[in-house]
Amino acid sequence: DQQVKQNSPSLSVQEGRISILNCDYTNSMFDYFLWYKKYPAEGPTFLISISSIKDKNEDGRFTVFLNKSAKHLSLHIVPSQPGDSAVYFCAASAQSNTGKLIFGQGTTLQVKP
Amino acid sequence: GAGVSQSPSNKVTEKGKDVELRCDPISGHTALYWYRQSLGQGLEFLIYFQGNSAPDKSGLPSDRFSAERTGGSVSTLTIQRTQQEDSAVYLCASSSRQGRRDIQYFGAGTRLSVL
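These protein sequence lines are chains W and X, in that order. Residue numbering for the first sequence is 1 to 113, as defined by my numbering. Residue numbering for the second sequence is 114 to 228, as defined by my numbering.
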């Protein structure tokens with residue numbers, strides 16, 4: 001049972017354009033969501049998070065949007081840069097077990113110069 | 114170092130052998146987590162230690178998997194009688210648990226190959 005899904009395995013965008021990565025979840029108990037970025041042979045690094053009391057959180061070029069009714073979140077990167085090329089994972093946790101992150105399968109983003 | 118350290122970085126073993134994977138968390142972090150990433154999959158939660166509390170073992174896939182955390186710092190994940198399906202990257206993370214929801218910092222992982 002995949003509680004967090006990233007249905008697009010890969011995405012390719014041109015440098016300077018917007019990258020939009022999507023994530024869907026099924027568990028209505030999830031109330032905290034995170035995005036991690038992973039380069040090859042490295043561990044995932046935290047990018048941005050959002051609590052379910054918000055519908056948007058922004059940090060520089062990165063913005064995460066949360067649509068609770070649709071159980072959907074998205075990560076927008078504007079403008080995209082070649083250094084953003086990596087695998088992006090969304091993750092979720094519930095208040096009942098805040099230490100347990102449930103991850104999606106990841107989306108490989110390629111930003112072309 | 115300042116980050117989460119895992120060793121070995123790569124481990125090749127024969128089916129049926131036992132393996133131990135080590136994780137050194139960030140100094141002062143009270144919470145430690147183990148995940149694994151199989152080929153083409155996301156990260157799968159395995160186990161979570163928080164201070165002196167009983168660990169959350171709900172993600173361990175079988176009784177061949179166990180983990181301990183000595184002195185509230187270093188952790189060892191042990192896989193007994195390894196099987197080919199255990200081949201994956203095993204990732205360790207730690208966090209400070211100072212806030213209600215804190216950030217988990219990951220190591221680079223141990224790539225386990227079971228032949």
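Note that beta-carbon positions come from the ideal geometry of N, C-alpha and C, so glycine has one too.
Min CB distance residue i to chain X below 7 Å
i      : result
G60(W) : no
Y88(W) : no
Buried versus exposed call for residue i [16 or more other C-beta atoms within 10 Å across all chains shown]
i       : result
G129(X) : exposed
D199(X) : buried
I53(W)  : exposed
G141(X) : exposed
V82(X)  : This structure gives no information on residue 82(X), because the portion of chain X shown stretches from 114 to 228.
A167(X) : exposed
Y39(W)  : exposed
K37(W)  : buried
T191(X) : exposed
R17(W)  : exposed
G99(W)  : buried
V78(W)  : exposed
A70(W)  : exposed
A144(W) : Residue 144(W) falls outside the range modelled here, since chain W spans only 1 to 113, and no answer is possible.
A115(X) : exposed
Residues that residue i bridges to, as DSSP identifies them
i       : result
S188(X) : C136(X), R182(X)
H142(X) : None, per the DSSP bridge assignment.
Y39(W)  : Its beta-bridge partners do not exist; DSSP assigns none.
T195(X) : Beta-bridge pairing links T195(X) to no other residue.
E15(W)  : DSSP output for E15(W) lists no bridge partner at all.
E80(X)  : Outside the displayed span of chain X (114 to 228) sits residue 80(X), for which this structure offers no information.
R214(X) : Looking at the DSSP assignment, R214(X) forms no beta bridge with any residue, so it has no partner.
V117(X) : The partner list for V117(X) (beta bridge, DSSP) is empty, contrary to what the question assumes.
D59(W)  : F62(W)
K5(W)   : D24(W)
T226(X) : Sequence check: residue 226(X) is Ser here, not Thr. In the DSSP output, where bridge partners are listed per residue, S226(X) has V125(X).
Q110(W) : S12(W)
Proximity test, Cβ basis, 7 Å: residue i and chain W
i       : result
F135(X) : With the sequence shown as reference, residue 135(X) is identified as Arg, and Phe is not the correct amino acid for it. No, R135(X) lies away from the interface with chain W (no Cβ there is under 7 Å from its Cβ).
Y161(X) : yes
G220(X) : yes
I192(X) : no
L204(X) : yes
Below-7 Å beta-carbon distance, residue i vs any chain A residue
i       : result
Q196(X) : Absent from the structure is chain A; the protein chains it does hold are W and X.
For this session: Mind the definition here: the stretch 105-112 of chain W touches the stretch 157-166 of chain X only if three or more C-beta pairs lie below 8 Å; say whether that holds.
Result: In short, these stretches do not touch, since the Cβ pair count stays below three.
Problem set entry | Interfacial residues, the stretch 32-53 of chain W to chain X, with Cβ spacing under 9 Å | Within the stretch 32-53 of chain W, the residues whose Cβ lies closer than 9 Å to some Cβ of chain X are Y32, L34, Y36, K38, A41, E42, G43, P44, T45, F46, S49, S51, listed in chain order.
Problem set entry | chain X contacts made by the stretch 95-112 of chain W, where a contact means CB separation under 9 Å | Residues of the stretch 95-112 of chain W with a C-beta less than 9 Å from any C-beta of chain X: Q95, N97, T98, G99, K100, L101, I102, F103, G104, Q105, G106, listed in chain order.
Exercise. Does the stretch 31-47 of chain W come within contact of the stretch 80-94 of chain W, defined as at least 3 CB pairs closer than 8 Å?
Worked result: Using a Cβ-Cβ distance cut-off of 8 Å, the stretch 31-47 of chain W and the stretch 80-94 of chain W are in contact, since at least three pairs of beta carbons, one from each stretch, lie closer than that value.
Problem set entry | Three-pair Cβ contact test at 8 Å for the stretch 169-186 of chain X versus the stretch 3-11 of chain W | Under the 8 Å Cβ criterion, the stretch 169-186 of chain X does not count as touching the stretch 3-11 of chain W, having fewer than three qualifying pairs.
Exercise. Using a Cβ cut-off of 9 Å, which residues of the stretch 167-184 of chain X contact any Cβ in chain W, in chain order?
Worked result: So the close ones are D169, S171, G172.
Exercise. Between the stretch 125-159 of chain X and chain W, which residues of the former have a C-beta closer than 8 Å to a C-beta of the latter?
Worked result: Contacts with chain W (Cβ-Cβ distance below 8 Å) from the stretch 125-159 of chain X involve A144, Y146, Y148, G153, Q154, G155, L156, E157, F158, listed in chain order.
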